[in-house]
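In what follows, a single structure is set out as structure tokens and then discussed.
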Amino acid sequence: IEAYWYDIAEHRTPLMSQRVVARLGLLDAAHQRWWLGCYSTGRPLTDVAEGLVIRFQRAMRARDEVMVTCLAPRDEAPWDSICYHLDALLVWLSGAFDVTAHVAHSVYGIHVDPWLVGWRRKQWRQELKNAARRLYDLTDGGSPVGAVMDLIAELRNTIHREPIREVYHREARGGETRLLALPAQAHQRAVAASEV
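Per this note's numbering, the very first residue in the sequence shown carries number 1028; after that it's consecutive.
Structural data, given as structure tokens:
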């Protein structure tokens, strides 16, 4: 990874260094607050809480793989690798959000079968609304956080249906460009979530 460079505001920083700086400057502090919050509940949440940290770190690695691969010359980009790591990124991010739902389930003592826990599950969300209205509102479908979760879920769900794939696009000036194409239904929902 360190062989590739990524321009940010005319400052060249190795991609691996970017990940380390982000981790030391932002993620470690956030992870520490997460651990302390889970530990202070007095409930056995440390194993579940660790799942968020692990899944988010894996999501960052998959994101980096996508970024590095996209830096290859346009004609040489290994599109299969880009699609593979994008799918992995979406699965890991989705898993990280699922972990937070399970922590909320335990912290607020919601009485729903654990298999029904999830930010997009109606029965569980109704119980969350009764137990923690502020968290419910923060994660509701019309909120920015809810829209991010909807966007990730919609893109991740392409693993069950028509996949995200490489397509060729003919340009007006005669050239050809390779792009990633979303299935039509996922595209519509992704655009709607992005606008929120």
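We put the beta carbon where it would ideally sit given N, CA and C, even for glycine.
Quick one: using the 10 Å Cβ neighbour count with 16 as the cut-off for buried, is residue i buried or exposed?
i     : result
S1221 : exposed
A1249 : Residue coverage of the chain in this structure runs from 1028 to 1223, which leaves residue 1249 outside it and unanswerable.
H1112 : buried
L1182 : buried
D1164 : exposed
W1146 : buried
L1072 : buried
D1091 : buried
Report yes if the C-beta distance between residue i and residue j is below 8 Å; otherwise report no.
i     : j     : result
A1123 : F1083 : yes
L1079 : I1179 : no
R1205 : E1193 : yes
I1081 : L1207 : no
W1061 : A1089 : no
V1213 : T1185 : Note that residue 1213 corresponds to Ala in the displayed sequence, not to Val. Yes, the pair counts as a contact, with Cβ atoms nearer than the cut-off.
Quick check: the Cα distance between residue i and residue j, rounded to an integer number of angstroms?
i     : j     : result
H1196 : E1203 : 6 Å
Q1153 : D1167 : 11 Å
V1126 : A1076 : 7 Å
A1115 : A1086 : 7 Å
V1093 : M1176 : 20 Å
V1217 : V1144 : The identity of residue 1217 in the sequence shown is Ala, whereas the question assumes Val. Cα to Cα, A1217 sits roughly 23 Å from V1144.
A1211 : V1223 : 19 Å
N1157 : A1174 : 21 Å
D1074 : P1100 : 42 Å
G1201 : W1106 : 22 Å
V1172 : P1141 : 22 Å
A1159 : S1170 : 16 Å
R1148 : A1199 : 45 Å
C1097 : Q1215 : 24 Å
I1191 : L1209 : 5 Å
H1187 : V1095 : 26 Å
A1057 : G1064 : 10 Å
V1048 : S1121 : Reliability of the predicted coordinates at V1048 is poor, the pLDDT of 49 falling under 50, and no value is obtained from them.
Just to check my reading of the structure: residue i and residue j have Cβ atoms closer than 8 Å, yes? What is that Cβ distance to the nearest angstrom?
i     : j     : result
Q1150 : V1134 : At roughly 18 Å, the Cβ-Cβ gap does not stay under 8 Å, so Q1150 and V1134 are not in contact.
I1137 : L1155 : 6 Å
Completely contained beta strand (DSSP E) runs for the region 1101 to 1127, where each covers 3 or more residues: none
Please list the segments of the alpha helix (DSSP H) lying wholly inside the region 1124 to 1168, counting only runs of 4 or more residues, in order along the chain. 1149 to 1158, 1160 to 1165
Can you list the beta strand (DSSP E) stretches of 3 or more residues lying completely in the region 1181 to 1222, in chain order? 1192 to 1197, 1203 to 1208
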